[in-house]
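Protein chains in written order, with the numbering used here: chain C, 1167 to 1632; chain Y, 87 to 564. For glycine and all other residues, C-beta sits at the position ideal for the given N, C-alpha and C.
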Amino acid sequence: MQLDLKTIEALAPDQASLGAAAKLTKRSNWPRLEAHEQLPLIWGECQGSGSNPYRVAFDTSDHGYKCTCPSRKFPCKHILALAWIGATAADSFVRVDQTPDWVNDWLGRRRKPGQSPTPAAANSEGKSIDEASRPAESAPVEDAGAAERREAAQRKRAEDTRSAVSAALDELDQWIADQLRLGLAGFVDASSERCRRIAARLVDLKATALAGRIDELPAKLMALRSEERPDAAIRELGKLVLLAKAWRAAPDDAELKRLVSTSETRDQILANPDALQVESDWEVLGEKIETRRDGLVSHATWLLDLKSTAPRFAVLLDFFPASAGRRSGAFAPGDRFKAKLVFYPSRNPLRALVAERLGDASPGNWPDFAADAAGDPLAAYAAFQDDAPWLSDCPVILPAGAIALDEKDSAWWQAASDPHGIALPVAGSVNQTLLGLDLAATAALWNGARLELLASQSSMGRLDLS
Amino acid sequence: MNELDQAGLARLRDGWISGGAAFELAPAEWKEVAAAASPDEQERRLLAIAAQALDVALRPAAPKTLKQRPPLPVLAWPVLPERLRPSLRAALKYAADARLKTRVATLVASRGFVLHPMDWMPTASSQESPEVYAPWVDWQAGADSGKQSRREHLTAESWDDFYPAARRGALIGLRRSAPALARTLIETKGASESAEVRLALIELMRIGLGADDVPFLKSLSADRSGKVREMAGRLLARLGEHGNPASGGSEDPVAELAAFIEEGKSGFIRRRTTYSPIKPKSQAQQARRADLFATCYFGDLVARFGKTEPDFIGAWQFGVDDGADLFLVRMVSVSGGDAAVASLADLLVAAGGRLAHLALQLMLRLDSGRKRDLIRQILNDAQNLAALNMVEGAEAGWLEWGDLAKGKTLLALRSAFSGDNDVIKRNAEQHLETLGFLANPVAAEKLIGEVVAAGLPPASPSLGLLRLNAALTENPTK
Chain C
1167 MQLDLKTIEA
1177 LAPDQASLGA
1187 AAKLTKRSNW
1197 PRLEAHEQLP
1207 LIWGECQGSG
1217 SNPYRVAFDT
1227 SDHGYKCTCP
1237 SRKFPCKHIL
1247 ALAWIGATAA
1257 DSFVRVDQTP
1267 DWVNDWLGRR
1277 RKPGQSPTPA
1287 AANSEGKSID
1297 EASRPAESAP
1307 VEDAGAAERR
1317 EAAQRKRAED
1327 TRSAVSAALD
1337 ELDQWIADQL
1347 RLGLAGFVDA
1357 SSERCRRIAA
1367 RLVDLKATAL
1377 AGRIDELPAK
1387 LMALRSEERP
1397 DAAIRELGKL
1407 VLLAKAWRAA
1417 PDDAELKRLV
1427 STSETRDQIL
1437 ANPDALQVES
1447 DWEVLGEKIE
1457 TRRDGLVSHA
1467 TWLLDLKSTA
1477 PRFAVLLDFF
1487 PASAGRRSGA
1497 FAPGDRFKAK
1507 LVFYPSRNPL
1517 RALVAERLGD
1527 ASPGNWPDFA
1537 ADAAGDPLAA
1547 YAAFQDDAPW
1557 LSDCPVILPA
1567 GAIALDEKDS
1577 AWWQAASDPH
1587 GIALPVAGSV
1597 NQTLLGLDLA
1607 ATAALWNGAR
1617 LELLASQSSM
1627 GRLDLS
Chain Y
87 MNELDQAGLA
97 RLRDGWISGG
107 AAFELAPAEW
117 KEVAAAASPD
127 EQERRLLAIA
137 AQALDVALRP
147 AAPKTLKQRP
157 PLPVLAWPVL
167 PERLRPSLRA
177 ALKYAADARL
187 KTRVATLVAS
197 RGFVLHPMDW
207 MPTASSQESP
217 EVYAPWVDWQ
227 AGADSGKQSR
237 REHLTAESWD
247 DFYPAARRGA
257 LIGLRRSAPA
267 LARTLIETKG
277 ASESAEVRLA
287 LIELMRIGLG
297 ADDVPFLKSL
307 SADRSGKVRE
317 MAGRLLARLG
327 EHGNPASGGS
337 EDPVAELAAF
347 IEEGKSGFIR
357 RRTTYSPIKP
367 KSQAQQARRA
377 DLFATCYFGD
387 LVARFGKTEP
397 DFIGAWQFGV
407 DDGADLFLVR
417 MVSVSGGDAA
427 VASLADLLVA
437 AGGRLAHLAL
447 QLMLRLDSGR
457 KRDLIRQILN
467 DAQNLAALNM
477 VEGAEAGWLE
487 WGDLAKGKTL
497 LALRSAFSGD
507 NDVIKRNAEQ
517 HLETLGFLAN
527 PVAAEKLIGE
537 VVAAGLPPAS
547 PSLGLLRLNA
557 ALTENPTK
């Protein structure tokens, strides 16, 4: 490896980046570190603040780099940390003779220096790797009075937030009553403007998460046929009423706080002894990437527990600014891996973090969930709603079935055992080839109105449908 | 949810849609839950109950009739192994259009595999996809695969059991093994088909075309479709049957075309006849000449000069007028006999360079050996490798490393990837895609090593087809 610390110092955009990179050079932050035997390439996966690890690659010959984090600093701290480990602890890298697909993908698309506009000349001025390596000065010892004052201030802030959120929910209640009084026909037509207005008000009153949900409501309505929109509005507004009531009954409930105001940090979840931890083999069922009206992109990666006898799902949820451009996720649909996941405390634990990657899992079929799926394919959804009626998207495993079309060529999933019984409408358009394939089992998200297909098992193997 | 609740929910729903208080419209039990609150709170409580009812107690009403497609037929060959699908998807992603994607499928079929239907499907009108995909082509066109599974051989009785693509595949096979039987089927069953289908059926007569086909083809001169008559005329011309007998009249197109060709002599000791194109004097004349070359038959033209087809080709002065050369080659391709096509291809390939590229016009008429010779020659010259990209009817996966190593193509590729000219590199990357189709696995593997050593990034998407090719070393059908 042709790397030295001077190079890393010169590449760093500022001293702060070097300082942040220094903290990431601990081996424990990197579940994967690999170097190519012949090519001047190193890469790794760094566990950052997102639920997915960031994928980081560095070309040691021309100092080209790629990281999937949303940082606007180039190179980001993950790149600097990877290069730093490369320069100081090359033994940490496992030597391999093949590059993973995501590195290949980057290599195939990147332009070598000389073909691209010359970047501003790197220099080390104002940056010092020695300074970054120095342990942070220990914080001055806090006296008892100061600690008490700090805790009091924290309590005050929490109390203020609770009051503000309570006021936000009062406004939301009033707003909902207004919509009913004015008529849902008019609400559906003007939902974009009306939702934007109340969402802005909720943000002011610190009900940020709720504001984001209401901001997305018009898009949800518009995705449906016009005759379905009033029912969808009733469903969604009714859920908001339930959520507001639940929060008032238990304002300290972690799940409700997350849905109304703000979420816990990654570190808080990992440190929470009550958080459910599941070590298992996981398959990436699919991804759901949505650009929200607040300018963020939400990237949901749905996972299936391959060792559980009943369907158990997890979702890795990341947000990043849409202006940061397209990001590749750490996982591709169909990937299988062993990992320990930590779930955000919840009545139906779904949102999770990868606490530890433990290698790849072997390919194969899903566990046989047929017994659970027999009968009502939406029984899991009903149970899900019993626990948390304010939520919408519920992952389900559907039994053997097929995709059929109605007279408007909209797709429906139909159970194979009961072709004249239950059929569920599928969101969006489907690949026409799917119409000719038998689906032995299908993983999907059901939101009460539409089925979003994630993946299926069929006689043609696994079908990626997300 | 009972009927009373459902009716109450419907009333509530209608009330909320139009606006105003809906409390009194609610089912009695719901009202009990919502009572003892302010009017706004009553409405909200009812809304929460209604939301749950809609979510859990009611299901979307399935339409009475849902159209299910018949099952996608299982093809005769195995699906590409799962481990190769990432490489396949990379190759398909790099292939810029439907034709190039079909070429990927053709390469995979040459190794005895079919693609996963979620990765690639032939279109309903596809005639370029490998024959093994015929059941999928028919499925795309709306066919019921169950019906097809009942038939085994194409006969007059089973004709209607076959959907178009499967029937076409069966007829191609029959023309190769028993051309007379296929002709009889086309003759008896084709008559009742539409002009478009008749034309496609008659076009298949080119396979295994022989003197026995003449009476039937001649009978088509009375066909009600002009295109069918034209196709039959061309096939007859290939068999040496003069489609347009020279009338000698003032409007004889063959005579008019012959007037654009000058007969001469060359050589001092052994004088031999030569034929050279006369340069047209105007744009109008040029257009007329092009039109005549396209519509007259080669056999009629050479008969005008009293020569055999191969003799005329041997006497043609290539290089005098590039346009006329191209018209003549196309004319031979369309209506020349097999011997004329073979001698013209041999002449052009032997000449190499620009003339070898003209032979690409003959590709659909060439036998396997001549096709390969032609491609080898073009690779050897490396003057216009882009021409290979446009070739129709080339076979997949046969080019050996020796064919590449001894010509100029490899040098040209090395030079392109070691240089810093982006345009040249991009062109060279396109050639890699073509070579990925033509090469055998060993040649593909070696070529990847060569171009990577020359400077092409090992993960370049342009290597996709070569990588897939190199990985496809087994052939389960052999």
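Do C:A1521 and C:V1508 come within 8 angstroms of each other at the CB atom, strictly closer than that value? Your numbering for residue 1508 of chain C matches position 342 in the first sequence. Your numbering for residue 1521 of chain C matches position 355 in the first sequence. Yes, these two residues count as a Cβ contact at 8 angstroms.
Taking C:G1252 as part of the alpha helix (DSSP H), name the residues at either end of that continuous run. Here residue 1252 of chain C refers to the residue found at position 86 when the first sequence is read from its first residue. First-last of the alpha helix (DSSP H) with C:G1252: K1243 to T1254.
Which class does Y:K153 belong to by DSSP, given the choice of helix, strand or coil? Looking up residue 153 of chain Y in the second sequence gives position 67. Note: Y:K153 maps to strand in three-state DSSP.
Report yes if the C-beta of Y:P396 is less than 7 angstroms from at least one heavy atom of the ligand ADP; otherwise report no. Absence of the ligand ADP is noted for the structure shown, with no ligands found whatsoever.
State the beta-bridge partners of C:G1649 as determined by DSSP. Residue 1649 of chain C falls outside the range modelled here, since chain C spans only 1167 to 1632, and no answer is possible.
What did DSSP end up calling Y:G228 once you bin it into helix, strand or coil? Walking along the second sequence from the start, residue 228 of chain Y turns up at place 142. Y:G228 falls in the coil class under three-state DSSP.
Given a limit of 8 angstroms on CB to CB distance, which residues of the region 198–209 of chain Y reach chain D? Of the protein chains in this structure, namely C and Y, none is chain D.
According to a CB-to-CB cut-off of less than 8 angstroms, which residues of the region 1559–1581 of chain C neighbour chain Y? A1568, A1570, L1571, D1572, E1573, W1578 and Q1580
Output, in sequence order along the chain, the residues in the region 522–534 of chain Y whose CB is closer than 7 angstroms to any CB in chain C. Against chain C - using a Cβ distance shorter than 7 angstroms - the region 522–534 of chain Y contributes no residues.
Kindly list, in the order they appear in chain Y, the residues whose Cβ is closer than 9 angstroms to that of C:P1591. Reading the first sequence from its first residue, position 425 is the one you call residue 1591 of chain C. What C:P1591 touches in chain Y: P146 and A148.
Only counting runs of 4 or more residues, tell me where the alpha helix (DSSP H) segments fall wholly within the region 396–465 of chain Y, in order along the chain. Counting only runs of 4 or more, we get 408–421, 424–437 and 439–444.
I'd like to check one pair, C:I1295 with C:I1208: are the Cβ atoms closer than 8 angstroms? Along the first sequence, one-based indexing puts residue 1208 of chain C at 42. Along the first sequence, one-based indexing puts residue 1295 of chain C at 129. No, Cβ-Cβ distance for C:I1208 and C:I1295 is not below 8 angstroms.
Closest by C-alpha distance to Y:L178, when choosing among Y:S196, Y:R197 and Y:L201: As a working note, residue 178 of chain Y is residue 92 in the second sequence. For the residues Y:S196, Y:R197 and Y:L201, the minimum Cα distance to Y:L178 belongs to Y:L201.
Would you call the CB atoms of Y:R390 and Y:A341 closer than 8 angstroms? Looking up residue 390 of chain Y in the second sequence gives position 304. Looking up residue 341 of chain Y in the second sequence gives position 255. Cβ distance < 8 angstroms, so Y:R390 and Y:A341 count as in contact.
Buried or exposed by the 16-neighbour rule on C-beta atoms within 10 Å, applied to Y:L144: Stepping through the second sequence from its first residue, residue 144 of chain Y is reached at position 58. With fewer than 16 other Cβ atoms within 10 Å, it is exposed.
Hey, could you find the ends of the alpha helix (DSSP H) Y:G255 is sitting in? Walking along the second sequence from the start, residue 255 of chain Y turns up at place 169. P250 to S263 is the extent of the alpha helix (DSSP H) around Y:G255.
From Y:A380, Y:V314, Y:S311 and Y:F354, pick the residue whose C-alpha is nearest to that of Y:P339; which is it? In the second sequence, counting from the first residue as 1, residue 339 of chain Y sits at position 253. Closest option to Y:P339, Cα to Cα, is Y:A380.
Pairwise C-alpha distance: C:V1269 and Y:W487: Here residue 487 of chain Y refers to the residue found at position 401 of the second sequence. Here residue 1269 of chain C refers to the residue found at position 103 of the first sequence. Taking the straight line from one Cα to the other gives about 29 angstroms.
Which class does C:D1440 belong to by DSSP, given the choice of helix, strand or coil? Taking the first residue of the first sequence as 1, we reach residue 1440 of chain C at position 274. Looking at C:D1440 - three-state DSSP - the assignment turns out to be coil, as it is neither helix nor strand.
Quick test of the definition: if touching needs 3 or more C-beta pairs under 8 angstroms, does the region 146–162 of chain Y touch the region 488–501 of chain Y? In short, these stretches do not touch, since the Cβ pair count stays below three.
Do C:A1480 and C:L1516 have their C-beta atoms within less than 8 angstroms of each other? The count along the first sequence starts at 1 and reaches residue 1480 of chain C at position 314. The count along the first sequence starts at 1 and reaches residue 1516 of chain C at position 350. A contact, by the Cβ cut-off of 8 angstroms.
Just the C-alpha distance for C:A1610 and C:H1465, rounded to the nearest angstrom, thanks. On the first sequence, position 444 is the one that residue 1610 of chain C refers to. On the first sequence, position 299 is the one that residue 1465 of chain C refers to. Straight-line Cα distance between these residues: approximately 16 angstroms.
Measuring only the C-alpha atoms, how far is C:D1575 from C:R1401? Along the first sequence, one-based indexing puts residue 1575 of chain C at 409. Along the first sequence, one-based indexing puts residue 1401 of chain C at 235. Their Cα atoms are separated by approximately 26 angstroms.
Which bits of chain Y does C:R1615 rub up against, with CB to CB less than 8 angstroms? As a position in the first sequence, residue 1615 of chain C is number 449, starting the count at 1. The amino acid at residue 1615 of chain C is misidentified as Arg; the sequence shows Ala. P146, listed in chain order.
Buried/exposed call for Y:F384, threshold 16 Cβ in 10 Å: Position 298 of the second sequence, counted from the first residue, corresponds to residue 384 of chain Y. It is buried - the Cβ of Y:F384 has at least 16 other Cβ atoms within 10 Å.
Count Cβ pairs between the region 212–224 of chain Y and the region 506–513 of chain Y that sit closer than 8 angstroms; are there 3 or more? No, they do not touch.
If distances are taken between C-alpha atoms only, which option among Y:L295, Y:G353 and Y:E129 comes closest to Y:S263? As a working mapping, residue 263 of chain Y is identified with position 177 in the second sequence. Per the Cα distances, Y:L295.
Three-state secondary structure (DSSP) at C:S1358? Here residue 1358 of chain C refers to the residue found at position 192 when the first sequence is read from its first residue. Helix, per DSSP.
Given this structure, state the Cα-to-Cα distance separating C:A1488 from C:T1457, to the nearest angstrom. Here residue 1488 of chain C refers to the residue found at position 322 when the first sequence is read from its first residue. Here residue 1457 of chain C refers to the residue found at position 291 when the first sequence is read from its first residue. Their Cα atoms are separated by approximately 7 angstroms.
Using a threshold of 8 angstroms, state whether the C-beta atoms of C:V1592 and C:I1569 are closer than that. On the first sequence, residue 1592 of chain C is found 426 positions in, with the first residue counted as 1. On the first sequence, residue 1569 of chain C is found 403 positions in, with the first residue counted as 1. Cβ distance < 8 angstroms, so C:V1592 and C:I1569 count as in contact.
In chain Y, what lies closer than 7 angstroms to C:R1347 by C-beta? Walking along the first sequence from the start, residue 1347 of chain C turns up at place 181. Correct list: G105 and G106.
Using the beta-carbon of each residue, which ones in chain Y are nearer than 7 angstroms to C:R1401? By one-based count along the first sequence, residue 1401 of chain C stands at place 235. Below the 7 angstroms Cβ cutoff, chain Y contributes A137, L140 and D141 as neighbours of C:R1401, in chain order.
Three or more C-beta pairs closer than 8 angstroms, one from the region 166–175 of chain Y and one from the region 520–535 of chain Y: is that the case here? no
Environment of C:R1395 [buried if 16+ CB atoms lie within 10 Å]: Within the first sequence, residue 1395 of chain C is the residue found at index 229, counting from 1. Buried: at least 16 other Cβ atoms inside 10 Å.
Assign C:K1405 to one of two classes, buried (16 or more other C-beta atoms within 10 Å of its C-beta) or exposed (fewer than that). What you label residue 1405 of chain C is simply residue 239 of the first sequence in a count that begins at 1. By the 10 Å Cβ count, C:K1405 comes out buried.
First and last residue of the uninterrupted alpha helix (DSSP H) at Y:G218: Counting from one through the second sequence, the residue named residue 218 of chain Y turns up at place 132. Inspection of the sequence shows that residue 218 of chain Y is occupied by Val rather than by Gly. No alpha helix (DSSP H) contains Y:V218, which DSSP labels as neither H nor E.
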